[in-house]
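Heads up, the sequence shown stops at 513 in the numbering used here, and the numbers go up one at a time, no gaps.
We treat Cβ as the ideally placed atom computed from N, Cα and C, and that holds for glycine.
Reviewing the structure listed below.
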Amino acid sequence: MKLRVSAPEVLSESELEQIWQAAQRIWAAVPLRAQAPDEFYDYLSDFGCVIDGERISFPQSVCETVLAEIETMRTERGPGRPACVQGVPLSYSASGQALHAHDLHSGQLRPATSADQVTFSHICDMFPRLGRAHPTFIPQDVPAETCDVHNFALIIKNSLEPHRVSVYNARNIEFMIQLQMAAGYTREQVKAAPVFATKCWYNSPFMVSRENTDIGMEARRLLGHPFQISTMPVAGIATPVTISGCLAHIAAEVLGCNVITMALDGRLAGWVAGPLTFDMKTGIHTQTGPDNDILRVASAQLAAYIFGGEYTVGGGPTTAAKVPGIQSAMEKSLCALFALMGGARSFGSLGITAFADIGSVLQLVIDLELMSYLERLLEGVTVDADRIGEDLITEVAPQGAYFLNQPHTAHYYREEGWIPELMDRRVPMAWAADPVTMLDNAQKKAERLMAEARNQCPLSDEQLARVDEIVAEADKLASTLRTR
30 MKLRVSAPEV LSESELEQIW QAAQRIWAAV PLRAQAPDEF YDYLSDFGCV IDGERISFPQ
90 SVCETVLAEI ETMRTERGPG RPACVQGVPL SYSASGQALH AHDLHSGQLR PATSADQVTF
150 SHICDMFPRL GRAHPTFIPQ DVPAETCDVH NFALIIKNSL EPHRVSVYNA RNIEFMIQLQ
210 MAAGYTREQV KAAPVFATKC WYNSPFMVSR ENTDIGMEAR RLLGHPFQIS TMPVAGIATP
270 VTISGCLAHI AAEVLGCNVI TMALDGRLAG WVAGPLTFDM KTGIHTQTGP DNDILRVASA
330 QLAAYIFGGE YTVGGGPTTA AKVPGIQSAM EKSLCALFAL MGGARSFGSL GITAFADIGS
390 VLQLVIDLEL MSYLERLLEG VTVDADRIGE DLITEVAPQG AYFLNQPHTA HYYREEGWIP
450 ELMDRRVPMA WAADPVTMLD NAQKKAERLM AEARNQCPLS DEQLARVDEI VAEADKLAST
510 LRTR
(Lines of atoms letter the chains of each structure in order from A and count residues from 1; the text may use other names and numbers.)
(Lines give C-alpha, C1' and ligand atoms only; values in the text may rest on other atoms or scores of the structure.)
Protein backbone atom coordinates (compact mmCIF):
# COMPACT_ATOMS: atom_id res chain seq x y z
CA MET A 1 0.00 0.00 0.00
CA LYS A 2 0.96 3.61 -0.43
CA LEU A 3 2.12 5.53 2.63
CA ARG A 4 -0.92 6.58 4.67
CA VAL A 5 -0.71 9.38 7.23
CA SER A 6 -3.08 11.42 9.37
CA ALA A 7 -2.63 15.07 10.28
CA PRO A 8 -1.44 15.58 13.87
CA GLU A 9 -3.40 17.27 16.66
CA VAL A 10 -2.15 19.54 19.43
CA LEU A 11 -5.44 20.97 20.73
CA SER A 12 -8.42 19.27 22.37
CA GLU A 13 -11.96 20.20 21.41
CA SER A 14 -12.46 22.10 24.67
CA GLU A 15 -9.24 24.06 24.06
CA LEU A 16 -10.33 24.90 20.52
CA GLU A 17 -13.68 26.14 21.80
CA GLN A 18 -12.00 28.27 24.48
CA ILE A 19 -9.81 29.95 21.84
CA TRP A 20 -12.76 30.39 19.48
CA GLN A 21 -14.90 32.11 22.11
CA ALA A 22 -12.03 34.43 23.04
CA ALA A 23 -11.53 35.29 19.35
CA GLN A 24 -15.16 36.33 18.98
CA ARG A 25 -14.94 38.65 21.98
CA ILE A 26 -11.72 40.21 20.66
CA TRP A 27 -13.28 40.67 17.22
CA ALA A 28 -16.22 42.55 18.70
CA ALA A 29 -14.01 44.69 20.96
CA VAL A 30 -11.09 45.72 18.72
CA PRO A 31 -11.82 47.89 15.66
CA LEU A 32 -9.99 47.41 12.38
CA ARG A 33 -7.90 50.33 11.19
CA ALA A 34 -8.12 50.46 7.40
CA GLN A 35 -6.64 52.97 4.99
CA ALA A 36 -8.76 52.57 1.89
CA PRO A 37 -10.62 54.32 -0.92
CA ASP A 38 -14.13 55.57 -0.24
CA GLU A 39 -15.62 52.68 -2.23
CA PHE A 40 -14.15 50.23 0.29
CA TYR A 41 -15.68 52.10 3.24
CA ASP A 42 -19.02 52.37 1.45
CA TYR A 43 -19.30 48.61 1.02
CA LEU A 44 -18.54 48.03 4.70
CA SER A 45 -20.92 50.76 5.82
CA ASP A 46 -23.72 49.31 3.70
CA PHE A 47 -23.02 45.92 5.31
CA GLY A 48 -23.64 47.45 8.73
CA CYS A 49 -20.12 48.24 9.95
CA VAL A 50 -19.51 51.47 11.85
CA ILE A 51 -16.98 53.72 10.07
CA ASP A 52 -15.15 56.33 12.15
CA GLY A 53 -12.38 57.78 10.00
CA GLU A 54 -10.00 54.89 9.43
CA ARG A 55 -11.54 52.79 12.19
CA ILE A 56 -14.07 50.10 11.35
CA SER A 57 -16.12 48.49 14.12
CA PHE A 58 -18.27 45.39 13.90
CA PRO A 59 -21.62 45.72 15.72
CA GLN A 60 -23.51 42.69 16.95
CA SER A 61 -25.72 42.49 13.85
CA VAL A 62 -22.65 42.22 11.59
CA CYS A 63 -21.07 39.61 13.83
CA GLU A 64 -24.26 37.55 13.87
CA THR A 65 -24.54 37.66 10.07
CA VAL A 66 -20.97 36.46 9.54
CA LEU A 67 -21.18 33.80 12.25
CA ALA A 68 -24.37 32.44 10.68
CA GLU A 69 -22.58 32.11 7.32
CA ILE A 70 -19.67 30.38 9.03
CA GLU A 71 -22.03 27.94 10.71
CA THR A 72 -23.61 27.15 7.34
CA MET A 73 -20.19 26.48 5.84
CA ARG A 74 -19.21 24.29 8.78
CA THR A 75 -22.42 22.28 8.46
CA GLU A 76 -21.76 21.71 4.75
CA ARG A 77 -18.17 20.65 5.31
CA GLY A 78 -18.75 18.63 8.42
CA PRO A 79 -16.89 19.03 11.72
CA GLY A 80 -13.21 19.86 11.71
CA ARG A 81 -11.06 16.74 11.59
CA PRO A 82 -7.56 15.60 10.63
CA ALA A 83 -7.29 14.37 7.06
CA CYS A 84 -6.12 10.85 6.33
CA VAL A 85 -3.95 11.16 3.22
CA GLN A 86 -2.89 8.33 0.93
CA GLY A 87 -2.02 8.02 -2.74
CA VAL A 88 -1.77 11.75 -3.45
CA PRO A 89 1.26 12.49 -5.66
CA LEU A 90 3.90 15.01 -4.64
CA SER A 91 4.13 18.41 -6.31
CA TYR A 92 6.84 20.96 -5.66
CA SER A 93 7.83 24.44 -6.75
CA ALA A 94 10.67 26.89 -6.68
CA SER A 95 9.59 29.89 -4.67
CA GLY A 96 10.79 32.97 -2.82
CA GLN A 97 10.98 36.70 -3.39
CA ALA A 98 14.69 37.19 -2.84
CA LEU A 99 16.40 40.55 -2.94
CA HIS A 100 19.73 38.72 -2.65
CA ALA A 101 21.46 35.97 -4.60
CA HIS A 102 23.90 33.32 -3.43
CA ASP A 103 26.54 33.52 -6.13
CA LEU A 104 27.35 30.00 -7.31
CA HIS A 105 30.95 30.73 -8.25
CA SER A 106 32.12 32.97 -5.40
CA GLY A 107 29.85 31.57 -2.68
CA GLN A 108 29.13 35.15 -1.59
CA LEU A 109 25.87 37.05 -1.23
CA ARG A 110 25.08 39.95 -3.56
CA PRO A 111 22.01 41.85 -4.80
CA ALA A 112 19.76 39.82 -7.09
CA THR A 113 19.84 40.90 -10.74
CA SER A 114 17.87 40.45 -13.92
CA ALA A 115 20.55 38.02 -15.07
CA ASP A 116 19.80 35.84 -12.04
CA GLN A 117 16.15 35.66 -13.06
CA VAL A 118 17.06 34.81 -16.64
CA THR A 119 19.42 31.98 -15.67
CA PHE A 120 17.10 30.62 -13.00
CA SER A 121 14.18 30.55 -15.45
CA HIS A 122 16.25 28.58 -17.95
CA ILE A 123 17.30 26.09 -15.27
CA CYS A 124 13.77 25.59 -13.93
CA ASP A 125 12.58 24.59 -17.40
CA MET A 126 15.09 21.72 -17.35
CA PHE A 127 12.91 20.01 -14.72
CA PRO A 128 9.42 19.35 -16.17
CA ARG A 129 7.85 18.57 -12.78
CA LEU A 130 9.23 21.68 -11.07
CA GLY A 131 6.63 24.39 -10.64
CA ARG A 132 7.22 28.04 -9.76
CA ALA A 133 5.09 29.43 -6.94
CA HIS A 134 7.00 32.72 -6.76
CA PRO A 135 9.70 34.30 -8.94
CA THR A 136 12.57 33.38 -6.52
CA PHE A 137 14.55 36.49 -7.47
CA ILE A 138 13.42 40.13 -7.23
CA PRO A 139 15.94 41.97 -9.44
CA GLN A 140 17.51 45.03 -7.86
CA ASP A 141 18.80 46.47 -11.14
CA VAL A 142 15.38 47.65 -12.36
CA PRO A 143 13.18 50.56 -11.18
CA ALA A 144 11.54 49.81 -7.85
CA GLU A 145 8.12 51.18 -8.90
CA THR A 146 7.88 48.76 -11.83
CA CYS A 147 9.93 45.87 -10.49
CA ASP A 148 6.89 43.56 -10.63
CA VAL A 149 6.42 44.35 -14.32
CA HIS A 150 10.10 43.88 -15.17
CA ASN A 151 10.26 40.58 -13.31
CA PHE A 152 7.13 39.17 -14.95
CA ALA A 153 8.49 40.20 -18.35
CA LEU A 154 11.83 38.52 -17.66
CA ILE A 155 10.09 35.27 -16.75
CA ILE A 156 7.80 35.42 -19.80
CA LYS A 157 10.76 36.02 -22.13
CA ASN A 158 12.88 33.26 -20.62
CA SER A 159 10.47 30.44 -19.78
CA LEU A 160 8.29 27.88 -21.49
CA GLU A 161 5.27 29.62 -19.96
CA PRO A 162 4.54 32.57 -17.64
CA HIS A 163 4.94 32.02 -13.91
CA ARG A 164 3.66 33.82 -10.84
CA VAL A 165 4.87 37.23 -9.75
CA SER A 166 3.12 39.09 -6.94
CA VAL A 167 1.98 42.65 -7.60
CA TYR A 168 2.89 45.24 -4.97
CA ASN A 169 1.72 48.36 -6.80
CA ALA A 170 -1.88 48.72 -7.95
CA ARG A 171 -0.83 50.79 -10.98
CA ASN A 172 1.05 47.78 -12.32
CA ILE A 173 -1.94 45.43 -12.53
CA GLU A 174 -3.05 46.57 -15.99
CA PHE A 175 0.50 46.16 -17.27
CA MET A 176 0.62 42.64 -15.82
CA ILE A 177 -2.61 41.83 -17.67
CA GLN A 178 -1.12 43.13 -20.90
CA LEU A 179 2.07 41.11 -20.38
CA GLN A 180 0.14 37.88 -19.95
CA MET A 181 -1.85 38.76 -23.06
CA ALA A 182 1.40 39.31 -24.96
CA ALA A 183 2.31 35.74 -24.00
CA GLY A 184 -0.67 34.45 -25.97
CA TYR A 185 -3.65 34.82 -23.63
CA THR A 186 -6.85 36.73 -24.34
CA ARG A 187 -8.02 39.27 -21.78
CA GLU A 188 -10.85 36.94 -20.83
CA GLN A 189 -8.37 34.11 -20.25
CA VAL A 190 -6.27 36.38 -18.06
CA LYS A 191 -9.32 37.41 -16.05
CA ALA A 192 -10.30 33.76 -15.63
CA ALA A 193 -6.83 32.61 -14.56
CA PRO A 194 -4.26 35.36 -13.98
CA VAL A 195 -0.75 33.99 -13.54
CA PHE A 196 0.25 36.92 -11.35
CA ALA A 197 -0.96 37.37 -7.76
CA THR A 198 -2.97 40.40 -6.61
CA LYS A 199 -3.74 40.14 -2.93
CA CYS A 200 -4.49 42.56 -0.12
CA TRP A 201 -2.16 41.75 2.77
CA TYR A 202 -3.58 42.42 6.22
CA ASN A 203 -1.11 44.10 8.58
CA SER A 204 -1.33 42.64 12.08
CA PRO A 205 -2.43 43.85 14.55
CA PHE A 206 -5.81 44.84 13.10
CA MET A 207 -4.62 47.10 10.27
CA VAL A 208 -4.80 47.27 6.48
CA SER A 209 -2.66 49.80 4.62
CA ARG A 210 -3.80 51.90 1.65
CA GLU A 211 -1.35 50.31 -0.79
CA ASN A 212 -2.80 46.90 0.04
CA THR A 213 -6.46 47.86 -0.21
CA ASP A 214 -5.70 49.62 -3.50
CA ILE A 215 -4.23 46.40 -4.92
CA GLY A 216 -7.20 44.32 -3.80
CA MET A 217 -9.77 46.80 -5.10
CA GLU A 218 -8.01 47.42 -8.43
CA ALA A 219 -7.63 43.69 -9.05
CA ARG A 220 -11.31 43.26 -8.25
CA ARG A 221 -12.19 45.98 -10.78
CA LEU A 222 -9.89 44.89 -13.61
CA LEU A 223 -10.11 41.12 -13.22
CA GLY A 224 -13.65 40.79 -11.94
CA HIS A 225 -12.40 38.61 -9.09
CA PRO A 226 -13.60 38.62 -5.49
CA PHE A 227 -11.45 40.67 -3.12
CA GLN A 228 -8.49 38.55 -1.96
CA ILE A 229 -7.03 39.07 1.52
CA SER A 230 -4.51 37.21 3.68
CA THR A 231 -2.55 37.75 6.86
CA MET A 232 0.79 36.41 8.06
CA PRO A 233 1.12 37.58 11.68
CA VAL A 234 4.24 37.03 13.77
CA ALA A 235 3.69 35.73 17.30
CA GLY A 236 5.50 37.81 19.92
CA ILE A 237 5.50 40.95 17.76
CA ALA A 238 2.11 41.37 16.11
CA THR A 239 0.27 38.96 18.43
CA PRO A 240 0.87 37.52 21.92
CA VAL A 241 3.90 35.24 22.06
CA THR A 242 1.85 32.36 23.47
CA ILE A 243 0.49 29.96 20.89
CA SER A 244 -3.03 30.05 22.32
CA GLY A 245 -2.93 33.85 22.53
CA CYS A 246 -1.66 34.09 18.96
CA LEU A 247 -4.46 31.80 17.78
CA ALA A 248 -7.17 33.83 19.51
CA HIS A 249 -5.71 37.03 18.06
CA ILE A 250 -5.44 35.80 14.48
CA ALA A 251 -8.85 34.13 14.58
CA ALA A 252 -10.30 37.54 15.47
CA GLU A 253 -8.42 39.06 12.53
CA VAL A 254 -9.66 36.28 10.24
CA LEU A 255 -13.21 37.12 11.29
CA GLY A 256 -12.55 40.74 10.32
CA CYS A 257 -11.21 39.61 6.95
CA ASN A 258 -14.40 37.63 6.41
CA VAL A 259 -16.48 40.71 7.18
CA ILE A 260 -14.60 42.49 4.38
CA THR A 261 -15.17 39.74 1.82
CA MET A 262 -18.81 39.38 2.86
CA ALA A 263 -19.34 43.14 2.51
CA LEU A 264 -17.58 43.43 -0.85
CA ASP A 265 -18.56 40.18 -2.55
CA GLY A 266 -21.07 38.33 -0.39
CA ARG A 267 -18.70 35.45 0.27
CA LEU A 268 -16.67 33.99 3.10
CA ALA A 269 -12.92 33.99 2.59
CA GLY A 270 -12.44 31.24 5.18
CA TRP A 271 -9.20 30.88 7.10
CA VAL A 272 -6.70 33.30 5.57
CA ALA A 273 -3.93 33.32 8.20
CA GLY A 274 -0.45 31.81 8.05
CA PRO A 275 1.14 32.68 11.41
CA LEU A 276 4.87 32.67 12.08
CA THR A 277 7.02 32.72 15.21
CA PHE A 278 9.68 35.22 16.29
CA ASP A 279 13.27 34.47 17.29
CA MET A 280 13.93 36.61 20.37
CA LYS A 281 17.66 35.91 20.15
CA THR A 282 18.20 37.39 16.70
CA GLY A 283 15.14 39.64 16.44
CA ILE A 284 13.65 38.21 13.26
CA HIS A 285 10.60 36.19 12.28
CA THR A 286 11.19 32.50 11.69
CA GLN A 287 9.51 29.83 9.59
CA THR A 288 11.22 26.77 11.06
CA GLY A 289 11.61 25.09 14.44
CA PRO A 290 9.38 23.06 16.75
CA ASP A 291 7.53 26.17 17.96
CA ASN A 292 6.69 27.08 14.39
CA ASP A 293 5.63 23.51 13.58
CA ILE A 294 3.30 23.40 16.59
CA LEU A 295 1.82 26.77 15.65
CA ARG A 296 1.14 25.53 12.11
CA VAL A 297 -0.61 22.42 13.41
CA ALA A 298 -2.67 24.44 15.88
CA SER A 299 -3.59 27.00 13.22
CA ALA A 300 -4.73 24.26 10.83
CA GLN A 301 -6.76 22.63 13.60
CA LEU A 302 -8.43 25.88 14.57
CA ALA A 303 -9.21 26.70 10.94
CA ALA A 304 -11.01 23.37 10.53
CA TYR A 305 -12.77 23.78 13.88
CA ILE A 306 -14.18 27.16 12.85
CA PHE A 307 -14.94 26.59 9.16
CA GLY A 308 -15.31 22.80 9.13
CA GLY A 309 -13.76 20.13 6.96
CA GLU A 310 -10.52 18.19 6.93
CA TYR A 311 -7.12 19.73 7.53
CA THR A 312 -3.54 18.87 6.68
CA VAL A 313 -0.36 20.56 7.87
CA GLY A 314 1.75 22.31 5.25
CA GLY A 315 5.14 23.98 5.31
CA GLY A 316 8.64 23.85 3.98
CA PRO A 317 11.17 23.06 2.98
CA THR A 318 12.51 26.35 4.31
CA THR A 319 15.52 27.48 6.33
CA ALA A 320 17.01 30.43 8.17
CA ALA A 321 20.48 29.56 6.87
CA LYS A 322 21.97 32.04 4.44
CA VAL A 323 23.89 29.53 2.33
CA PRO A 324 23.49 25.80 1.66
CA GLY A 325 25.10 23.68 4.36
CA ILE A 326 24.48 21.82 7.60
CA GLN A 327 21.80 24.18 8.93
CA SER A 328 19.83 24.38 5.70
CA ALA A 329 19.94 20.58 5.35
CA MET A 330 18.66 20.04 8.89
CA GLU A 331 15.93 22.67 8.79
CA LYS A 332 14.65 21.88 5.32
CA SER A 333 14.62 18.12 5.90
CA LEU A 334 12.86 18.28 9.27
CA CYS A 335 10.38 20.89 8.08
CA ALA A 336 9.51 18.97 4.92
CA LEU A 337 9.28 15.57 6.61
CA PHE A 338 7.05 16.92 9.39
CA ALA A 339 4.74 18.44 6.79
CA LEU A 340 4.72 15.27 4.69
CA MET A 341 3.71 13.17 7.70
CA GLY A 342 1.03 15.78 8.42
CA GLY A 343 -0.53 15.23 5.01
CA ALA A 344 1.16 17.91 2.91
CA ARG A 345 1.69 16.85 -0.68
CA SER A 346 2.60 20.20 -2.19
CA PHE A 347 5.84 21.97 -1.33
CA GLY A 348 7.24 25.37 -2.21
CA SER A 349 10.43 27.04 -0.99
CA LEU A 350 12.76 25.15 -3.33
CA GLY A 351 15.85 27.11 -4.30
CA ILE A 352 15.75 29.61 -1.45
CA THR A 353 17.46 30.26 1.87
CA ALA A 354 17.02 32.88 4.62
CA PHE A 355 13.23 32.37 4.60
CA ALA A 356 12.98 33.25 0.89
CA ASP A 357 15.23 36.32 1.07
CA ILE A 358 18.10 34.64 -0.82
CA GLY A 359 17.84 32.71 -4.08
CA SER A 360 20.32 29.90 -4.76
CA VAL A 361 20.75 27.55 -7.71
CA LEU A 362 22.91 25.38 -5.46
CA GLN A 363 20.11 25.07 -2.91
CA LEU A 364 17.63 24.25 -5.69
CA VAL A 365 19.74 21.25 -6.71
CA ILE A 366 19.85 19.98 -3.11
CA ASP A 367 16.13 20.59 -2.59
CA LEU A 368 15.28 18.52 -5.65
CA GLU A 369 17.12 15.57 -4.12
CA LEU A 370 15.09 16.07 -0.94
CA MET A 371 11.90 15.90 -3.01
CA SER A 372 13.12 12.65 -4.54
CA TYR A 373 13.57 11.26 -1.01
CA LEU A 374 10.02 12.25 -0.05
CA GLU A 375 8.60 10.75 -3.23
CA ARG A 376 10.10 7.38 -2.39
CA LEU A 377 8.49 7.52 1.06
CA LEU A 378 5.09 8.06 -0.53
CA GLU A 379 5.46 4.98 -2.72
CA GLY A 380 5.19 2.73 0.33
CA VAL A 381 5.31 -1.06 -0.19
CA THR A 382 4.06 -3.19 -3.06
CA VAL A 383 3.17 -6.76 -2.15
CA ASP A 384 2.70 -9.55 -4.69
CA ALA A 385 3.96 -13.09 -5.08
CA ASP A 386 6.86 -12.15 -7.34
CA ARG A 387 8.12 -9.44 -5.00
CA ILE A 388 7.88 -11.71 -1.97
CA GLY A 389 10.03 -14.16 -3.91
CA GLU A 390 9.25 -17.24 -1.85
CA ASP A 391 10.85 -19.63 -4.35
CA LEU A 392 13.87 -17.34 -4.67
CA ILE A 393 14.41 -17.34 -0.90
CA THR A 394 14.17 -21.12 -0.59
CA GLU A 395 16.62 -21.54 -3.46
CA VAL A 396 19.25 -18.88 -2.66
CA ALA A 397 19.20 -18.50 1.13
CA PRO A 398 20.72 -21.94 1.88
CA GLN A 399 23.72 -21.02 -0.30
CA GLY A 400 24.46 -17.76 1.55
CA ALA A 401 24.16 -14.02 0.82
CA TYR A 402 24.00 -14.30 -2.95
CA PHE A 403 20.90 -12.26 -3.71
CA LEU A 404 22.96 -9.50 -5.29
CA ASN A 405 23.63 -11.50 -8.45
CA GLN A 406 20.04 -12.63 -8.94
CA PRO A 407 17.87 -11.36 -11.83
CA HIS A 408 15.16 -10.64 -9.24
CA THR A 409 17.45 -8.06 -7.62
CA ALA A 410 18.39 -6.49 -10.95
CA HIS A 411 14.71 -6.23 -11.83
CA TYR A 412 13.45 -4.62 -8.63
CA TYR A 413 16.27 -2.67 -7.01
CA ARG A 414 15.43 0.64 -8.70
CA GLU A 415 11.79 0.45 -7.61
CA GLU A 416 12.37 -0.81 -4.08
CA GLY A 417 15.48 1.15 -3.21
CA TRP A 418 16.40 4.80 -3.55
CA ILE A 419 19.58 5.86 -5.30
CA PRO A 420 20.53 9.46 -4.53
CA GLU A 421 22.42 11.46 -7.09
CA LEU A 422 24.22 13.83 -4.70
CA MET A 423 24.56 12.09 -1.34
CA ASP A 424 27.82 10.27 -0.60
CA ARG A 425 27.32 6.68 0.58
CA ARG A 426 30.77 5.24 0.02
CA VAL A 427 32.72 3.34 2.66
CA PRO A 428 34.97 5.53 4.87
CA MET A 429 38.33 4.83 3.22
CA ALA A 430 36.93 5.29 -0.27
CA TRP A 431 35.77 8.72 0.83
CA ALA A 432 39.14 9.43 2.46
CA ALA A 433 40.86 8.79 -0.86
CA ASP A 434 38.51 11.23 -2.59
CA PRO A 435 36.82 13.39 0.10
CA VAL A 436 33.91 14.70 -1.93
CA THR A 437 30.77 15.72 -0.02
CA MET A 438 27.15 16.08 -1.02
CA LEU A 439 27.71 19.83 -1.22
CA ASP A 440 30.60 19.28 -3.64
CA ASN A 441 28.42 17.08 -5.84
CA ALA A 442 25.62 19.64 -5.75
CA GLN A 443 28.06 22.40 -6.72
CA LYS A 444 29.22 20.42 -9.75
CA LYS A 445 25.67 19.71 -10.84
CA ALA A 446 24.63 23.34 -10.39
CA GLU A 447 27.59 24.51 -12.47
CA ARG A 448 26.69 22.00 -15.18
CA LEU A 449 23.07 23.16 -15.20
CA MET A 450 24.12 26.79 -15.53
CA ALA A 451 26.39 25.90 -18.45
CA GLU A 452 23.79 23.78 -20.25
CA ALA A 453 20.59 25.72 -19.56
CA ARG A 454 19.02 27.32 -22.62
CA ASN A 455 16.11 29.65 -23.22
CA GLN A 456 13.05 27.61 -24.25
CA CYS A 457 10.63 30.53 -24.54
CA PRO A 458 8.20 29.76 -27.41
CA LEU A 459 7.16 33.36 -28.12
CA SER A 460 7.66 34.97 -31.53
CA ASP A 461 9.84 38.02 -32.13
CA GLU A 462 6.67 40.08 -32.43
CA GLN A 463 5.41 38.88 -29.05
CA LEU A 464 8.78 39.52 -27.41
CA ALA A 465 8.83 43.03 -28.83
CA ARG A 466 5.37 43.64 -27.42
CA VAL A 467 6.59 42.52 -23.97
CA ASP A 468 9.37 45.11 -24.16
CA GLU A 469 6.89 47.80 -25.24
CA ILE A 470 4.68 47.13 -22.22
CA VAL A 471 7.63 47.35 -19.82
CA ALA A 472 8.67 50.65 -21.41
CA GLU A 473 5.11 51.98 -21.03
CA ALA A 474 5.10 51.03 -17.35
CA ASP A 475 8.45 52.73 -16.77
CA LYS A 476 7.27 55.86 -18.59
CA LEU A 477 4.16 56.13 -16.43
CA ALA A 478 6.16 55.61 -13.24
CA SER A 479 8.65 58.26 -14.30
CA THR A 480 5.88 60.74 -15.08
CA LEU A 481 4.22 60.20 -11.71
CA ARG A 482 7.56 60.46 -9.93
CA THR A 483 8.33 63.89 -11.41
CA ARG A 484 4.93 65.43 -10.63
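Between residue i and residue j, is the Cβ-Cβ spacing less than 8 Å?
i	j	result
tyrosine 442	arginine 416	no
threonine 341	glycine 372	yes
alanine 226	serine 273	no
valine 95	valine 224	no
valine 80	tyrosine 72	Correcting the residue identity first, residue 80 is isoleucine in this sequence and not valine. No.
methionine 400	phenylalanine 376	yes
cysteine 286	alanine 298	yes
valine 237	alanine 58	no
alanine 280	tryptophan 49	yes
proline 172	alanine 507	yes
arginine 455	valine 114	no
glutamate 217	asparagine 198	no
leucine 159	tyrosine 121	yes
asparagine 201	alanine 501	no
aspartate 320	threonine 306	yes
lysine 228	leucine 252	no
alanine 482	histidine 278	no
phenylalanine 156	leucine 397	yes
leucine 40	leucine 407	no
glycine 338	glycine 107	yes
tryptophan 447	arginine 405	yes
Whole angstroms is fine: what's the gap from residue i's alpha carbon to residue j's?
i	j	result
glutamine 485	serine 188	6 Å
valine 538	methionine 246	Lying before the first or after the last residue shown, residue 538 is absent from the chain, which here runs from 30 to 513.
isoleucine 185	proline 191	5 Å
glycine 380	glycine 125	8 Å
glycine 265	alanine 97	32 Å
glycine 409	glutamine 89	52 Å
lysine 361	serine 378	9 Å
alanine 212	arginine 33	41 Å
glycine 207	glycine 116	It should be noted that the sequence gives glutamine, not glycine, for residue 207. So the alpha carbons of these two residues sit roughly 40 Å apart.
arginine 325	alanine 439	43 Å
serine 233	threonine 466	44 Å
phenylalanine 555	glutamate 450	With the chain represented from 30 up to 513, any question about residue 555 goes unanswered, as that position is not in the structure.
glutamine 47	serine 328	14 Å
serine 135	alanine 471	15 Å
glutamate 100	lysine 31	35 Å
asparagine 515	aspartate 453	Only positions 30 to 513 of the chain appear in the structure, and residue 515 is not among them; the question remains open.
threonine 423	tryptophan 300	58 Å
glutamate 444	leucine 421	18 Å
glycine 295	aspartate 67	19 Å
alanine 414	aspartate 469	42 Å
serine 489	methionine 102	47 Å
leucine 45	serine 35	19 Å
aspartate 308	serine 74	40 Å
threonine 348	leucine 363	10 Å
glutamate 93	glutamate 240	30 Å
Under 8 Å Cβ to Cβ from residue i, same chain only, skipping five residues before and after it: list those, please.
i	result
proline 168	Ala141, Thr142, Ser143, Asp145, Gln146, Cys176, His179, Asn180 and Leu183
arginine 193	Arg161, Ala162, His163, Pro164, Val224, Phe225 and Ala226
glutamate 38	Pro111, Val326 and Gln330
cysteine 78	Ile85, Ser86, Phe87, Pro88, Val91, Val288 and Ala292
glutamate 105	Gly337
leucine 128	Pro140, Ala141, Ile167, Gln169 and Asp386
isoleucine 29	Residue 29 falls outside the range modelled here, since the chain spans only 30 to 513, and no answer is possible.
Residues in the same chain with beta-carbon distance under 6 Å from residue i, minus the five sequence neighbours each way, listed in chain order, please.
i	result
aspartate 322	Phe367
arginine 249	Phe256
alanine 333	Gly109 and Tyr340
alanine 475	Leu133, Val390, Leu391 and Val394
alanine 65	Thr242
glycine 343	Ala368 and Ala373
So residue i and residue j are supposed to be a Cβ contact under 8 Å. How far apart are they, rounded?
i	j	result
leucine 61	phenylalanine 235	5 Å
histidine 314	valine 263	5 Å
methionine 370	glycine 303	About 20 Å; that fails the 8 Å criterion.
phenylalanine 76	methionine 291	7 Å
cysteine 153	alanine 130	That belief does not hold up - the Cβ atoms of cysteine 153 and alanine 130 are roughly 15 Å apart, past 8 Å.
Any heavy atom of the ligand ADP inside 7 Å of the beta-carbon of residue i?
i	result
alanine 503	In the structure on display, the ligand ADP does not appear, and there are no ligands present to speak of.
Leaving aside the five residues before and after residue i along the sequence, list all residues of the same chain whose C-beta is less than 7 Å from its C-beta, in chain order.
i	result
phenylalanine 149	Thr165, Phe166, Gly388 and Val390
alanine 365	Gly345, Pro346, Phe376, Leu399 and Leu403
tyrosine 231	Val237, Ile258, Ser259, Thr260, Glu282 and Cys286
Could you check whether the region 256-271 touches the region 54-61, counting it as contact only if at least three pairs of C-beta atoms, one from each stretch, sit closer than 8 Å?
For the pair of segments examined, the region 256-271 was found not to touch the region 54-61: the number of CB pairs separated by less than 8 Å stays below three.
Are the region 152-167 and the region 382-398 touching, with three or more C-beta to C-beta distances below 8 Å?
Touching, yes.
Using 8 Å as the cut-off, can you tell me whether the region 78-96 makes contact with the region 350-369, which would need three or more C-beta pairs spanning the two stretches below that distance?
With the cut-off at 8 Å, the region 78-96 and the region 350-369 do not touch.
Taking one C-beta from the region 419-434 and one from the region 453-463 each time, how about it: are there three or more such pairs within less than 8 Å?
Output reads no: the region 453-463 does not touch the region 419-434.
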